[in-house]
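Undergrad: Could you have a look at this structure, given as structure tokens, before my questions?
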Amino acid sequence: MILVGQYDSPYVRRVAISLRVLGLKHEHDTRSVFGDFDSMRKTNPVGRIPSLILDDGEVLIDSAAILDWIDETVGPERALLPRSGPERRRALKLMALATGAIDKIGAANYERMIRPSQYRWPEWIERCLVQGKGAIAALAVEPWPAAAPIDQAQITTAACCATSR
Ligand SMILES: N[C@@H](CCC(=O)N[C@@H](CS)C(=O)NCC(=O)O)C(=O)O
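Per our numbering, residue 135 is the first one in the sequence shown, and the count goes up by one each step.
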């Protein structure tokens, strides 16, 4: 299979780490989501990363759907997201905080880096940063026991917060 997307994307990173942790062999397609936009849209019509091209040619898009496929493929004993109950709810909440932080801080960055300066809206950028930092602060006060087996909440949080700092 082929993982499409560069590692500067936290969404690509969480998929890449999951594949490695579970020992799922894959190749890496490093086309740029901005520099190779037209080519990338042939893989994913939304023009976003990551995508995962399976061995039979099927293309999975969106990191959450890819992680779901990975867990289903390795089976319930090795799946990275707890199957049910409070553990699953907690993991999903932590992942929502981590991806929420990325979405808001990413929106602020796109606003600062891509939108022409005369059209920038400082109050909106500030709002996005407050939201992103709020999510990171909530993650920081959670317990993260060092001996806990690696799971998707840890992977997603590490993949996202390495970018957000
Ligand atoms: N919900 C998507 C979000 C993916 C996403 O936002 N990817 C970014 C890179 S971090 C991207 O492709 N940005 C380019 C764009 O949206 O035009 C997922 O989880 O895969």
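Idealized CB from N, CA, C, for every residue including glycine. Keep in mind it's a predicted model, so treat the numbers as computed, not measured.
Given A242, which residues of its chain have a CB within under 6 angstroms of its CB, disregarding the five upstream and five downstream residues?
TA: Only I259, C262 and L263 meet the Cβ criterion.
Undergrad: Can you name, in chain order, every residue of its own chain whose Cβ lies under 7 angstroms from the Cβ of R147, other than the five neighbours on each side?
TA: Contacts found: Y141 and A293.
Undergrad: Who pairs with H162 in a beta bridge, going by DSSP?
TA: In DSSP, H162 forms a bridge with L137.
Undergrad: Do you know whose CA, among T207, L201, S185 and F171, lies nearest I289's CA?
TA: Cα-wise, what sits closest to I289 is L201.
Undergrad: Are at least three pairs of beta-carbons, each pair with one atom in the region 206-216 and one in the region 231-246, less than 8 angstroms apart?
TA: Contact fails: fewer than three Cβ-Cβ distances are below 8 angstroms.
Undergrad: Closer than 7 angstroms to a non-hydrogen atom of ligand 1 - does that hold for the CB of Y141?
TA: No, the Cβ of Y141 stays beyond 7 angstroms of every heavy atom of ligand 1.
Undergrad: Output the distance between the C-alpha atoms of G191 and A235, rounded to the nearest integer angstrom.
TA: Those two C-alpha atoms are separated by around 33 angstroms.
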